[in-house]
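All remarks here apply to the structure that follows.
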């Protein structure tokens, strides 16, 4: 196993998809398959990354739709020996992550009047690192999942 | 994967009848509107006590969660209720991460859905 880890070659994968929600499941499959190449990431963490990337790709596609852009959405996947980094880039009109409304407490009946607002929260909770950079020219969402060894070492 | 929804009825110990929607597939941004349509259709037929059996769902995203929340709101406003059967650990984990296990009654099996649960 150690030899296998030592021989791991970092990789860089770029995926460009039409800005249509029909392609989100394809992104999930590709990113999960790419993350599996990194030998020291658990199945659970790959599943977490799969959902986080799915949320980011969906937001990117919706951003293009709102902006009336027919450009492609770009997803970059960087595989290193201790982490997988995914960057989802869109050319929408940008958004302020701090503008995502806080949700009422689960027991509050008003909670049922908020059907959206969980996507960004999920990305933050599922990734070891998440960062959203946005301006009027577009948004980059960076999601990082650490290897099992790096997580153990804190 | 395409979402598959089958509807049947289920009678609880107190003889109340619940409409059960068996849902299978990936409940994501693409499939969520389809499930919403099935729920709306049941509600429009006067079925206000619903069970969404998500045993066949292996992936859920925030849009899928949104449909669950919207469906609960809809039936509650009509004096009904909605329960969830969730067996897939990944789906259960996502619900728990978003504190929705405190919004919904989650069951492991349709047989566990009781009148007062």
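Protein chains in written order, with my numbering: chain R, 1 to 154; chain F, 155 to 271. C-beta: ideal position from N, C-alpha, C; glycine also.
Run of the alpha helix (DSSP H) containing residue 52 (chain R), from where it starts to where it stops: Counting along the chain, the alpha helix (DSSP H) containing residue 52 (chain R) begins and ends at 43-67.
Under 8 angstroms from the C-beta of residue 113 (chain R): neighbouring residues of chain F: Below the 8 angstroms Cβ cutoff, chain F contributes 227 as neighbours of residue 113 (chain R), in chain order.
Chain-ordered residues of the segment 167-194 of chain F with a beta carbon less than 8 angstroms from chain R: Answer set for the segment 167-194 of chain F: 180, 182, 183 and 184.
Cα-Cα separation between residue 173 (chain F) and residue 85 (chain R), rounded to whole angstroms: Approximately 44 angstroms between the Cα atoms of the pair.
Reduced DSSP category for residue 238 (chain F) - H, G, I as helix; E, B as strand; rest coil: The answer is strand: DSSP assigns residue 238 (chain F) an E or B state.
DSSP three-state assignment for residue 140 (chain R), whether helix, strand or coil: DSSP, read as helix, strand or coil, puts residue 140 (chain R) in strand.
Minimum Cβ-Cβ distance from residue 138 (chain R) to chain F less than 8 angstroms: Output row for residue 138 (chain R): interface = no.
Those residues which DSSP pairs with residue 174 (chain F) across a bridge: For residue 174 (chain F), which the question treats as bridged, DSSP gives the partners F:162 and F:205.
Three-way DSSP call (helix, strand, coil) for residue 25 (chain R) in this model: Residue 25 (chain R) falls in the helix class under three-state DSSP.
Per DSSP, cross-strand counterpart(s) of residue 148 (chain R): Per DSSP, none; premise fails for residue 148 (chain R).
Contacts that residue 155 (chain R) makes with chain F (C-beta to C-beta distance below 9 angstroms): The first residue shown for chain R is 1 and the last is 154, placing residue 155 (chain R) beyond what the model contains.
is_contact[residue 257 (chain F), chain R] using C-beta, thresh 8 angstroms: Cβ-Cβ to chain R under 8 angstroms: yes for residue 257 (chain F).
Interface positions of the segment 229-248 of chain F facing chain C (Cβ-Cβ less than 8 angstroms), listed along the chain: The structure shown contains no chain C; its protein chains are R and F.
Rounded C-alpha distance that separates residue 57 (chain R) from residue 263 (chain F): When rounded, the distance between both Cα atoms is 33 angstroms.
Whole-Å CB distance - residue 203 (chain F) paired with residue 235 (chain F), under 8 angstroms assumed: Between residue 203 (chain F) and residue 235 (chain F), the beta carbon gap of about 6 angstroms places them in contact (Cβ cut-off 8 angstroms).
Close-in-space but distant-in-sequence residues of the same chain around residue 53 (chain R) (CB under 8 angstroms, 5 per side omitted): Taken in chain order, the residues that qualify are 27, 28, 31, 75, 86, 88 and 143.
Contacts around residue 97 (chain R), its chain only, beta-carbon distance under 8 angstroms, and the 5 residues preceding and following it disregarded: Same-chain partners within the cutoff: 120, 132 and 134.
Short CB-CB distance (under 8 angstroms) between residue 38 (chain R) and chain F: It does not; no Cβ of chain F falls within 8 angstroms.
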